[in-house]
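Residue numbers (mature numbering (1 follows the signal peptide of the UniProt record, and there is no 0)): -20 to -1, 1 to 992.
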């Protein structure tokens, strides 16, 4: 819907008028488009042209017929009808499906896609025959009139029957309100209900052939092999020739709707207006060797050439004023209007004034500081001229260079503006200059706040605000200061300004070459209009507003943008801008008239005057028509054909049922349109399959294919969304795809019933099977659960057991000791300090000697036996763990305090007495060193040390036993009278500070001492 709205807006506001060629334009300012064999013509020589009621153009050539819709040619050759292999001399449309073709071998009727020869009826004097048909016309009763060798013929019962007998061959026909005119050899005959009247040519040309007739108003013209003649009264007078010039044979003759008479000769194409030669066109594209001329219903002139195919000539949007109008140097930089209405232009070599229909040279380039008049400001008493090297002033015919402007002599002058108070502003590449009423010059550059001193243009708004566009941002001059504008309002940074415009509603429009886009300021914020919204890539050099449209001129051309489209797109960014390319100079969008535009950016880069936009270009001034045009022709899209299983059918009824198993139709459609500025915007859809409108892959595409469509009823629709009423010209084709047997409703219902029954039976079987499987699975799960529990138990034992000795390991201690201590804390004897847990850490003396002497296996046997011995020595509730290597830790459940010596002595003695087997009949005795400590160490402070810290102290005691000669024990206990700080409840880290501070004492079986 959004794309439809944009297209509808485009068609309503941007369409090209259906008007005849402007008689005031020279032929070179018309726009010509050419088609030849490469584009689809069957042969290069176009001898006849006509247009049918549906809008299609038909071209007859020397070797075939072609129908043209503005994009595609449909060709017909001698393979379709043998007569088409010869010169096609005349064409006459008779309804949307009927075309009469006059050839050198006779008349052919093309109807409903088929050709049929129409011979002359047999007479008593001659059998059925054919003859060359030079011209065709439609009579007042709708009959087709045909030229013959002896008169005028009509078609009756598929044969030619002579209607009017003439004394010679009929070579041309013209039917009008006053009857039928027929050209023959040496004469023209006027056929009315009253009879036939002869109008002979002058005696000197009585043997010439009248090959063409045309009428403008009440004036009749005849083209002959001896030139052009005009009927005055009952006498033919030669016309169209220059004095003393030999007459030229007239190859084609046509009158357009604006009163122009077009005459084609072997040497030139001539245009007459009001009976007088208006222009002679020679050696210009599209005007050479013309053999047929036709004006279509949109006002385009079609010229069939003997050697150049067919050319469309249309008004276009432009007129170019260049060297023929007096510009010695056509490269223009600036255009400005003077107070008297005359237009001034600055060229590459001086200044010109448009006056009286020509350019008058006012200032030569040598009179200026530099030859290029890059900017202009015409005033009543003087004209300011900005060059690439300073400023000059034209006063009373003299060129001056004011001394006060000497600082500008090395600067390029991009713009000159006079504000409401009479001050002059100069936008230059070296900053902004102000020349006030007292002839004082003020300079503004970076020191005054400009990010870049290069000024592109100056604009004074209707509210007397002075805007300054620079290469790096937009500024406003206010009370002697330059203030950056756009900050915080969405303009962005680093914007290079190339054009500025204040719209009638007060909004500002800014053009920039930063991203070749536009920005619109609504008084609060700037809004960015970029390529994402459909804007063509084109650096704006000049902006203008006319009748609700914004015109943008730049290096890549000129485009028109309705302000209403801007409003719609700003309200909803999903709606694209309804842009129309008017002049295309290499833009990234198609459409528009191919032409050269435009030059430079700054002030005086364009002018809107009398409905025309004046723009400076490298080839003079380009005048672009900005008058709001009429709506375009609304033509109906046509369904041309339907391809099914490789065969083409003509769905003339608008309905078609595809054969069984045909699921991939291809549909061809067409839209005859020849308005050069109106590019069709075709959209199609297949309702019932995809209701969304789709665009063809390319603008020239006129067919669409579908693959593997499901059975059903569909409606194919195609419409031109570029027209004012897409629905009115829409074409529709109803398609029905029959289902295969397995796709019918009955088959599906039966399949559903069979499937449901199969599923129910399967369900019952599976239910019984699953019941048996579930019982077996439950038994298996129970077995596996028991096995898993046993395995987990074994794994837990393994994870807590030393694999060599079978004793507990450190992991077991880390888990078990905290639990035991928490349990003991509930015991009263433990809490009051009368009993304590004992940690005894022992290490085998000289164990390395055993490994080194008897081997590691012997060492392992000693460790195993030591573990067994320790298990025998412990009480129930005590436990032994391998602490690491040859170290073992005994954890003894609470004992009365003071038993450490007995425990240590007992361990040392029993181990020293034990006989250890080393294997191979060897025996060995070992001794151990033991470190002991009680837990808690200080009964009043049960949480002072953790069990790991206590084991650390036991390890230090073990080390002392080792260093004291081994085979003994050492323990730590609180020193007599030791007093801990009252606020100390727990200590972390190394507990050695207790020893260092004299709070603990070490003792053994013989010595009692305090370690400091």
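For glycine and all other residues, C-beta sits at the position ideal for the given N, C-alpha and C.
Because the structure is a prediction, the values reported are computed rather than measured.
**Message:** Quick check on DSSP: helix, strand or coil for residue 915?
**Reply:** Looking at residue 915 - three-state DSSP - the assignment turns out to be strand.
**Request:** Determine which residues share a DSSP beta bridge with residue 163 and list them.
**Result:** 152, 168
**the segment 497 to 508 in contact with the segment 570 to 582 per 3-pair CB rule at 8 Å** = no
**Request:** Between the Cα of residue 51 and those of 788, 653, 724, spot the shortest distance and give me the residue it belongs to.
**Result:** Taking only the C-alpha atoms, the option nearest residue 51 is 653.
**Prompt:** Residue range of the alpha helix (DSSP H) that residue 392 falls in?
**Reply:** Run containing residue 392: none; DSSP gives neither H nor E here.
**Asked** By Cβ distance below 8 Å, which residues in the same chain neighbour residue 924 in space, the five residues on each side in sequence not counted?
**Response** 916, 917, 918, 960, 964, 965, 966, 967
**Request:** Would you decide whether residue 743 is buried or exposed? Buried here means 16 or more other CB atoms lie within 10 Å of its CB.
**Result:** Looking at its Cβ environment, which holds fewer than 16 other Cβ atoms inside 10 Å, residue 743 is exposed.
**Asked** What three-state label does DSSP hand residue 51 in the structure shown?
**Response** coil
**Request:** To the nearest angstrom, report how far apart residue 721 and residue 658 are at their CA atoms.
**Result:** 49 Å
**Asked** Just the Cα atoms here: how many angstroms apart are residue 343 and residue 254?
**Response** 40 Å
**Request:** Using three-state DSSP, classify residue 701 as helix, strand or coil.
**Result:** coil
**Asked** What is the residue span of the alpha helix (DSSP H) that residue 889 lies within?
**Response** First-last of the alpha helix (DSSP H) with residue 889: 880 to 893.
**Item:** Residue nearest to residue 602 in terms of C-alpha spacing, selected from 767, 973, 575
**Value:** Nearest to residue 602 by C-alpha distance, out of 767, 973, 575, is 575.
**Item:** Stretch-stretch touch, CB-based, cutoff 8 Å, three pairs: the segment 255 to 268 with the segment 2 to 9
**Value:** yes
**Item:** Spatially closest choice to residue 289 from 325, 44, 228, by CA coordinates
**Value:** 44
**Item:** Proximity below 8 Å, CB of residue 529 to CB of residue 520
**Value:** Cβ atoms of residue 529 and residue 520: not closer than 8 Å.
**Buried or exposed by the 16-neighbour rule on C-beta atoms within 10 Å, applied to residue 973** = exposed
**Request:** Check whether the segment 358 to 370 touches the segment 551 to 564, taking contact to mean three or more Cβ pairs, one atom from each stretch, closer than 8 Å.
**Result:** no
**Message:** So, with DSSP's three-state summary, where would you put residue 973?
**Reply:** helix
**Prompt:** Given that a residue counts as buried once 16 or more other Cβ atoms are within 10 Å of its Cβ, and exposed if not, what is residue 987?
**Reply:** Unreliable positioning characterises residue 987 in this predicted model, as indicated by a pLDDT of 36, which lies under 50. A coordinate reading is not provided.
**Message:** Since residue 162 and residue 132 should fall inside the 8 Å C-beta cutoff, what is the C-beta to C-beta distance between them, to a whole number of angstroms?
**Reply:** The Cβ separation is near 6 Å, so the contact holds.
**Message:** Quick check: residue 911 and residue 934, are their CB atoms within less than 8 Å of each other?
**Reply:** In this structure, residue 911 lies near residue 934, with their beta-carbon atoms less than 8 Å apart.
**Prompt:** Would you call the segment 323 to 333 and the segment 625 to 643 in contact, with 3 or more CB pairs under 8 Å?
**Reply:** No, the segment 323 to 333 is not in contact with the segment 625 to 643.
**Item:** Residue span of the beta strand (DSSP E) that contains residue 649, given as start and end
**Value:** 646 to 650
**Request:** Using three-state DSSP, classify residue 747 as helix, strand or coil.
**Result:** Residue state, collapsed to three classes: helix.
**Prompt:** Which residues does DSSP pair with residue 327 in a beta bridge?
**Reply:** 312, 330
**Request:** Please name the residue, chosen from 684, 831, 334, that lies closest to residue 665 on a Cα-to-Cα basis.
**Result:** 684
**Asked** At which residue ranges does the segment 458 to 489 contain complete beta strand (DSSP E) runs of 3 or more residues, listed in the order of the chain?
**Response** 461 to 465, 477 to 482
**Residue range of the unbroken beta strand (DSSP E) whose run includes residue 834** = That residue, residue 834, is in no beta strand (DSSP E); its alpha helix (DSSP H) goes 827 to 834.
**Request:** Since I believe residue 818 is in contact with residue 883 (beta carbons under 8 Å), could you give me their beta-carbon distance rounded to a whole number of angstroms?
**Result:** Right, their Cβ atoms sit about 6 Å apart.
**Prompt:** Going by DSSP, what residues sit across from residue 516 in a beta bridge?
**Reply:** Paired residues: none, contrary to the question.
**Asked** Using a Cβ-Cβ cut-off of 6 Å (strictly less than) and excluding sequence neighbours within five positions of residue 274, which residues of its own chain qualify?
**Response** 29, 282
**Segment contact, 8 Å Cβ cut-off, at least three pairs: the segment 427 to 435 with the segment 479 to 486** = no
**Request:** Specify whether the segment 591 to 598 and the segment 685 to 696 touch according to this definition: at least 3 beta carbon pairs, one from each stretch, less than 8 Å apart.
**Result:** no
**Request:** For residue 360, collect the residues of the same chain with a Cβ closer than 7 Å to its Cβ; drop the 5 residues on either side in sequence, then sort them by chain order.
**Result:** 319
**Item:** Where the alpha helix (DSSP H) containing residue 808 begins and where it ends
**Value:** First-last of the alpha helix (DSSP H) with residue 808: 808 to 812.
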